[in-house]
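Asks: Structure incoming, see below.
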């Protein structure tokens, strides 16, 4: 894990220290202890978080809100709950929840990104979260950065992409194949374009010629694929189907 | 649930729910309505949730759903044109900046963050839910929560800079409704 990835995770670490036992954050925490620069950044990040949290906690509800809630609830006549079997006792449920949460976090943290095809992989890659290696709104700068690393370069993107704002890019490996990822945004929605060399996807591991956009309900993401003479593309976005269709 | 248990539940969570609602609705009246509606739904339907340990997450999830259901899609579409990169590092003076501002100003800055980032960001700073629980409450993937926290923090820092410069009227930071309680803090 490099420092940028560690920062990406540590930004989700609550300033009060409530996440100290989170296994998905522990490696990043250890790295912050070892690396002075990362450690100093983390201290500033936590201090800033504590300051904001303290200000937020100082915002008080208006007088009378509590009484209004209680009065409204009394009018609705809540019922007494039925007796619960022992296995549903809070202690058992808390223990089970803790085990499940620990298991799910470890699974999420350790498991490689799944996906037999590039489009499946791309959706899972975005859903899991990632860090950009190059930040710039300048497509020329992103192109230069990808060229230096010999990553696949998009020939041309749909015309509507001119209306999007570039965020940055990175390279990644999909089952031994080089893939470039260029990210854009508009209106609070992100558009991630995965680019692979067509010659690398002659065995069916690439997306079909042109498909989508399709919704992936489990992730809340939408993906579309297309190809040109040299490359295959997968677009993954958190925008809805109609919005994604509008940029293609 | 007994009246006593319900009162305990209200006492434990209504203030944090109000802060979350205030950040979403951006005015005290609508925030109060959201909190009351959330507890009303609990009182009428919450008994179906037999696992009491999930009450807190349930309340935040329900409030957020009610907010999404009830709001109008206003014409003030989000614009990220001037959004700094989410991964930009924090500067030391930014910590002092927050400390100098009052609670109402910080809330106003938070309210100016685009809604898609504001909801997870507020839940994060309330410290009631972990990022995993936030993902569950907002029904988005864990990685998306991390990404939105990163980008939301960058937006909040930009808003705090604007607030410190007293540029609350420039359209980026919305006017904060009168909240005498908060201003006293």
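Residue numbers (our numbering), protein chains in the order written: chain A, 1093 to 1340; chain B, 6 to 190.
Using N, Cα and C, we set each Cβ at its ideal position, and we do this for glycine too.
In this text, all values refer to a predicted model and were calculated from it rather than measured experimentally.
How many angstroms separate the CA atom of residue 16 of chain B from the CA atom of residue 1259 of chain A?
Replies: The residue given as residue 16 of chain B occupies position 11 in the second chain. The residue given as residue 1259 of chain A occupies position 167 in the first chain. Approximately 43 angstroms between the Cα atoms of the pair.
Asks: Are the beta-carbon atoms belonging to residue 154 of chain B and residue 1103 of chain A less than 9 angstroms from one another?
Replies: Along the second chain, read from residue 1 onward, the residue named residue 154 of chain B stands at position 149. Along the first chain, read from residue 1 onward, the residue named residue 1103 of chain A stands at position 11. Going by C-beta atoms, residue 154 of chain B is nearer than 9 angstroms to residue 1103 of chain A.
Asks: Output, in chain order, the set of chain D residues within a Cβ distance shorter than 8 angstroms of residue 166 of chain B.
Replies: Chain labels in this structure do not include chain D; the protein chains are A and B.
Asks: What residues of chain A sit near residue 61 of chain B, judged by a beta carbon separation below 8 angstroms?
Replies: For the purposes of this step, residue 61 of chain B is identified with residue 56 of the second chain, where counting begins at 1. Chain A residues near residue 61 of chain B: none, gap ~12 angstroms exceeds 8 angstroms.
Asks: With a cut-off of 9 angstroms, does the C-beta of residue 9 of chain B fall near any C-beta of chain A?
Replies: Taking the first residue of the second chain as position 1, residue 9 of chain B is located at position 4. No, residue 9 of chain B does not count as interfacial toward chain A.
Asks: Do you know offhand how far residue 142 of chain B's Cα is from residue 1291 of chain A's?
Replies: Residue numbering aside, residue 142 of chain B sits at position 137 when the second chain is read from its first letter. Residue numbering aside, residue 1291 of chain A sits at position 199 when the first chain is read from its first letter. Their backbone Cα atoms lie some 43 angstroms apart in a straight line.
Asks: Looking at the C-beta of residue 1280 of chain A, does it have a partner C-beta in chain B at a distance below 9 angstroms?
Replies: Your numbering for residue 1280 of chain A matches position 188 in the first chain. Output row for residue 1280 of chain A: interface = yes.
Asks: Look at the alpha carbon of residue 1336 of chain A and the alpha carbon of residue 38 of chain B, and state the distance between them as a whole number of angstroms.
Replies: As a first step, residue 1336 of chain A is located in the first chain; it is residue number 244 there, counting from the start. As a first step, residue 38 of chain B is located in the second chain; it is residue number 33 there, counting from the start. Between residue 1336 of chain A and residue 38 of chain B, the C-alpha separation is close to 35 angstroms.
Asks: Name the chain A residues whose beta carbon is nearer than 9 angstroms to that of residue 30 of chain B?
Replies: Counted from its first residue, the second chain places residue 30 of chain B at position 25. Under the 9 angstroms cutoff, chain A gives no residues; its nearest Cβ is about 13 angstroms from residue 30 of chain B.
Asks: At 8 angstroms on the CB atoms, spell out the chain B contacts of residue 1103 of chain A, in chain order.
Replies: Working through the first chain from its first residue, we reach residue 1103 of chain A at position 11. Here the neighbours are 151, 154, 155 and 158.
Asks: Just by C-beta distance, which residues in the stretch 17 to 28 of chain B are closer than 7 angstroms to chain A?
Replies: Flagged, chain order: 19, 20, 23, 24 and 27.
Asks: So, does the stretch 16 to 36 of chain B touch the stretch 1150 to 1161 of chain A, judging by three or more C-beta pairs under 8 angstroms?
Replies: Counting Cβ pairs under 8 angstroms, three or more are found: they touch.
Asks: Using a Cβ-Cβ distance under 9 angstroms, would residue 1170 of chain A count as near chain B?
Replies: For the purposes of this step, residue 1170 of chain A is identified with residue 78 of the first chain, where counting begins at 1. Legend: pLDDT at residue 1170 of chain A = 46, less than 50; position of this residue unreliable, no value from coordinates given.
Asks: May I ask you to list the residues that DSSP assigns as paired with residue 1313 of chain A?
Replies: Residue mapping note: residue 1313 of chain A aligns to position 221 of the first chain, counting from 1. Answer is A:1308, bridged to residue 1313 of chain A.
Asks: Within the 9 angstroms Cβ cut-off, does residue 122 of chain B reach chain A?
Replies: Reading the second chain from its first residue, position 117 is the one you call residue 122 of chain B. For residue 122 of chain B, the answer is yes, since a Cβ of chain A falls inside 9 angstroms of its Cβ.
Asks: Mapping DSSP to helix, strand and coil, what is residue 172 of chain B?
Replies: Mapped onto the second chain, residue 172 of chain B falls at position 167. With a pLDDT of only 43 at residue 172 of chain B, under the threshold of 50, the placement of this residue in the model should not be trusted; the figure read from the coordinates follows. Note: residue 172 of chain B maps to coil in three-state DSSP.
Asks: Identify, in the order they occur along the chain, each residue of the same chain with its Cβ nearer than 7 angstroms to the Cβ of residue 46 of chain B, setting aside the five sequence neighbours on each side.
Replies: Taking the first residue of the second chain as position 1, residue 46 of chain B is located at position 41. Taken in chain order, the residues that qualify are 67.
Asks: Could you check the C-alpha separation between residue 159 of chain B and residue 1206 of chain A for me, to the nearest Å?
Replies: To locate residue 159 of chain B, count along the second chain from 1; it is residue 154. To locate residue 1206 of chain A, count along the first chain from 1; it is residue 114. Using only the alpha carbons, I get a separation of about 30 angstroms.
Asks: Does residue 170 of chain B get closer than 9 angstroms to chain A when you measure Cβ to Cβ?
Replies: Counting from 1 along the second chain, the entry for residue 170 of chain B is found at position 165. With 9 angstroms as the cut-off, residue 170 of chain B does not count as an interface residue toward chain A.
Asks: Grouping DSSP H, G and I as helix and E and B as strand, with all else coil, what is residue 1114 of chain A?
Replies: Against the first chain, residue 1114 of chain A aligns to sequence position 22. Coil.
Asks: Which of the three DSSP states, helix, strand or coil, is assigned to residue 1279 of chain A?
Replies: Reading the first chain from its first residue, position 187 is the one you call residue 1279 of chain A. DSSP places residue 1279 of chain A in coil when its eight states are reduced to three.
Asks: In the DSSP assignment, what residue or residues form a beta bridge with residue 1325 of chain A?
Replies: Residue 1325 of chain A sits at position 233 when you count from the first residue of the first chain. Answer by DSSP bridge pairing, in chain order: A:1287 and A:1318.
Asks: When burial is assigned at 16 or more other CB atoms within 10 Å of the CB, is residue 1247 of chain A buried or exposed?
Replies: For the purposes of this step, residue 1247 of chain A is taken as the residue at position 155 of the first chain. With fewer than 16 Cβ atoms within 10 Å of its Cβ, residue 1247 of chain A is classed as exposed.
Asks: Please report the straight-line C-alpha distance between residue 1128 of chain A and residue 103 of chain B, rounded to a whole angstrom.
Replies: As a working note, residue 1128 of chain A is residue 36 in the first chain. As a working note, residue 103 of chain B is residue 98 in the second chain. C-alpha separation (whole angstroms): 24 angstroms.
Asks: According to DSSP, what are the bridge partners of residue 1261 of chain A?
Replies: Against the first chain, residue 1261 of chain A aligns to sequence position 169. Answer is A:1226 and A:1274.
Asks: At a Cβ threshold of 9 angstroms, is residue 135 of chain B touching chain A?
Replies: Position 130 of the second chain, counted from the start, is the residue given in the question as residue 135 of chain B. Yes, contact with chain A.
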